[in-house]
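Contents: one structure, followed by commentary.
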Amino acid sequence: QKIFVGDQVLRIVTKDMEQVTLLKDLEELENLELDFWKGPTHPDFPTDVHVPFASLQAVKVFLESNNIQYSIMIEDLQSVVEEEKIQIIRSRSIEQ
Amino acid sequence: MRNTDSFNYASYHTLDEIYNWMDVLVSEQSNLVSKINIGSTFENRPIYVLKFSTGGTKRPAIWIDTGIHSREWVTQASGIWMAKKIATDYGKDAFITSILNEMDIFIEIVTNPDGFHFTHTKNRMWRKTRSINSGSSCVGVDPNRNWDAGFGGAGASSNPCSETYRGPRANSESEVKSIVDFVKSHGNIKAFISIHSYSQMLLYPYGYTKTPAPNQQELHSLARKAIDALSSLYGTSYRYGSIINTIYQASGGTIDWTYNQGIKYSYTFELRDTGRYGFILPANQIIPTAQETWLAITTIMEHTYNNPY
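Residue numbers (my numbering), protein chains in the order written: chain Z, 25 to 120; chain D, 4 to 312.
Below, the structure written as structure tokens:
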């Protein structure tokens, strides 16, 4: 079973098309194993990217060095998934 | 589950639970609801569509599919709620009753069953199908890039390891081909609504080309009306427009194909984005999401009903 301990989801806000292009370059870096939940399209739209723990530092350095704003949407993906599992088990036991 | 009233609509469910729920719904209202097997997945699971019909043959129909991207759980959960809503409202609600007296409604609740099962058992974040790609260790195809509409163009990947891998050829995925065969053989579907999450958008064709759809004006004004209805419940704000102008260029998408088949009212939804959870939207948001979406869907249904073509 795939686990996501320490993985984060970042919400990135770009200010211009130049920054959007930089994010598209980031998308091409396969070694980072990024999963773009919302791809970079336009400064009006946020980009959401699931970053594995091992790539977090590289991605944050990339964003900060290019003055691209981001916030941490999900601090630890696995804990949110665990919470969801607990909710499902709880509601199943209530049904029974 | 004794009956569909005792099912918990405010929780996420496994594929087996959903398929079992379908059977109970069909047994409860066999005069209205039937289950059609339109094909099998790569891993040989049945692909089911619920048909709501009061009779007749190949009546003009409305199609709704939910969850072609398996990890978007609030989408499938909303599909369940909507199916129950139709079943409950028939005979009580004047609008649903009048629609069903003249048209059929098809709902495919789990559009990507292999992927959905995988999200419940192995990888919560799985988006694609589970087909094996020859020559690659990466699995799966993005079924929303696999349709025969600008297939292979910009906005889809040729890399099997990408989340937007288009597949080796159009309709290579049985999950897509099953719908294609069904839509073609039916021949009288008038509205096709494909539901995703999460970006809060209502989109119409095209995604693969900047050329406006011939009915763009009507599609745009209906989208505005649908979004007004949706927002009226909880104030959720949506963007709307053509796929390419509103979000990005995407080739091989579902509603581009359906529109090119002559289904004028082809729309795709992106459900709620809270900015906090992404696909892992807490289960307590399922019903509010489904309720507000239902208002937009009934607006599209009503327009389709009132504007036969």
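Built from N, CA and C at the ideal position, the CB exists for glycine as well.
Only a predicted model underlies this, so the values are computations on that prediction, with no experimental measurement involved.
Taking 7 Å as the cut-off, decide whether the C-beta atoms of residue i and residue j are in contact.
i                     : j                     : result
residue 254 (chain D) : residue 153 (chain D) : yes
residue 290 (chain D) : residue 194 (chain D) : no
residue 34 (chain Z)  : residue 94 (chain Z)  : yes
residue 57 (chain Z)  : residue 76 (chain Z)  : yes
residue 52 (chain D)  : residue 67 (chain D)  : no
residue 243 (chain D) : residue 205 (chain D) : yes
residue 17 (chain D)  : residue 123 (chain D) : yes
residue 15 (chain D)  : residue 80 (chain D)  : yes
residue 25 (chain Z)  : residue 286 (chain D) : no
residue 298 (chain D) : residue 200 (chain D) : no
residue 230 (chain D) : residue 69 (chain D)  : no
residue 276 (chain D) : residue 220 (chain D) : no
residue 7 (chain D)   : residue 87 (chain D)  : yes
residue 145 (chain D) : residue 167 (chain D) : yes
residue 136 (chain D) : residue 116 (chain D) : no
residue 92 (chain D)  : residue 99 (chain D)  : yes
residue 2 (chain D)   : residue 161 (chain D) : Since the first and last residues shown for chain D are 4 and 312, residue 2 (chain D) lies out of range.
residue 101 (chain Z) : residue 40 (chain Z)  : no
residue 133 (chain D) : residue 46 (chain D)  : yes
residue 232 (chain D) : residue 302 (chain D) : yes
Within the same chain, show all residues whose beta-carbon is closer than 7 Å to that of residue i, passing over the 5 residues directly before and after it, in chain order.
i                     : result
residue 218 (chain D) : 267
residue 149 (chain D) : 169, 170, 173, 174, 175, 176, 179, 255
Run down chain D in chain order and give the residues with a C-beta less than 8 Å from the C-beta of residue i.
i                    : result
residue 10 (chain Z) : Outside the displayed span of chain Z (25 to 120) sits residue 10 (chain Z), for which this structure offers no information.
residue 88 (chain Z) : In chain order: nothing, as chain D lies at least about 21 Å away.
residue 26 (chain Z) : 125, 126, 127, 128
residue 49 (chain Z) : Result: empty, since nearest Cβ-Cβ is about 15 Å, beyond 8 Å.
residue 72 (chain Z) : 281
Using alpha carbons as the reference points, say which of the options lies closest to residue i.
i                     : options                   : result
residue 36 (chain D)  : D:42, D:28, D:43          : D:28
residue 54 (chain D)  : D:127, D:177, D:103       : D:103
residue 85 (chain D)  : D:117, D:259, D:111       : D:111
residue 157 (chain D) : D:74, D:240, D:210        : D:210
residue 63 (chain D)  : D:56, D:80, D:178, D:106  : D:106
residue 70 (chain Z)  : Z:97, Z:29, Z:117         : Z:97
residue 272 (chain D) : D:187, D:183, D:147, D:25 : D:147
residue 281 (chain D) : Z:104, Z:41, Z:83, Z:55   : Z:104
residue 300 (chain D) : D:288, D:108, D:159, D:95 : D:108
residue 90 (chain Z)  : Z:36, Z:30, Z:32, Z:31    : Z:36
residue 56 (chain D)  : D:89, D:50, D:71          : D:89
residue 245 (chain D) : D:261, D:212, D:260, D:61 : D:212
residue 304 (chain D) : D:196, D:186, D:49, D:76  : D:196
residue 186 (chain D) : D:30, D:260, D:159, D:283 : D:260
When the Cα atoms are used, what is the spatial distance from residue i to residue j?
i                     : j                     : result
residue 181 (chain D) : residue 44 (chain D)  : 9 Å
residue 108 (chain Z) : residue 78 (chain D)  : 16 Å
residue 59 (chain D)  : residue 263 (chain D) : 26 Å
residue 188 (chain D) : residue 113 (chain D) : 21 Å
residue 306 (chain D) : residue 228 (chain D) : 10 Å
residue 47 (chain Z)  : residue 165 (chain D) : 16 Å
residue 9 (chain D)   : residue 38 (chain Z)  : 46 Å
residue 191 (chain D) : residue 249 (chain D) : 29 Å
residue 258 (chain D) : residue 278 (chain D) : 26 Å
residue 236 (chain D) : residue 25 (chain D)  : 28 Å
residue 12 (chain D)  : residue 234 (chain D) : 22 Å
residue 28 (chain Z)  : residue 125 (chain D) : 12 Å
residue 141 (chain D) : residue 241 (chain D) : 35 Å
residue 311 (chain D) : residue 96 (chain D)  : 22 Å
residue 67 (chain Z)  : residue 33 (chain D)  : 51 Å
residue 48 (chain D)  : residue 85 (chain Z)  : 44 Å
residue 82 (chain Z)  : residue 55 (chain Z)  : 11 Å
residue 222 (chain D) : residue 106 (chain Z) : 41 Å
residue 118 (chain Z) : residue 288 (chain D) : 18 Å
residue 113 (chain Z) : residue 78 (chain Z)  : 30 Å
residue 216 (chain D) : residue 293 (chain D) : 28 Å
residue 159 (chain D) : residue 72 (chain Z)  : 18 Å
residue 265 (chain D) : residue 50 (chain D)  : 24 Å
residue 127 (chain D) : residue 247 (chain D) : 29 Å
Whose Cβ in chain D lies nearer than 7 Å to the Cβ of residue i?
i                    : result
residue 63 (chain Z) : 251
residue 59 (chain Z) : 128, 166
Name, please, each residue of chain Z whose Cβ falls closer than 9 Å to the Cβ of residue i.
i                     : result
residue 11 (chain D)  : 115, 116, 118, 119
residue 15 (chain D)  : 108, 111, 112, 115
residue 221 (chain D) : Here the premise fails: no neighbours, minimum Cβ distance about 25 Å.
Can you list, in chain order, the residues of its chain whose CB lies under 8 Å from that of residue i, leaving out five sequence neighbours each side?
i                     : result
residue 51 (chain Z)  : 58, 60, 63, 64
residue 129 (chain D) : 73, 74, 118, 121, 122, 143
residue 139 (chain D) : 163, 164
residue 101 (chain D) : 308
Between which residues of its own chain and residue i is the CB-CB distance below 6 Å, once the five residues before and five after are set aside?
i                     : result
residue 173 (chain D) : 151, 154
residue 39 (chain D)  : 52, 54
residue 44 (chain Z)  : 38, 64
residue 239 (chain D) : 295
Name, please, each residue of chain Z whose Cβ falls closer than 7 Å to the Cβ of residue i.
i                     : result
residue 278 (chain D) : 35, 97
residue 159 (chain D) : The contacting residues do not exist; residue 159 (chain D) stays about 12 Å from chain Z at best.
residue 202 (chain D) : 62
Against residue i, what residues of chain Z qualify as contacts under a CB-to-CB distance less than 8 Å, listed in chain order?
i                     : result
residue 286 (chain D) : 108, 111, 112, 115
List, in chain order, every chain D residue whose beta-carbon is nearer than 9 Å to that of residue i.
i                    : result
residue 54 (chain Z) : 162, 164, 165
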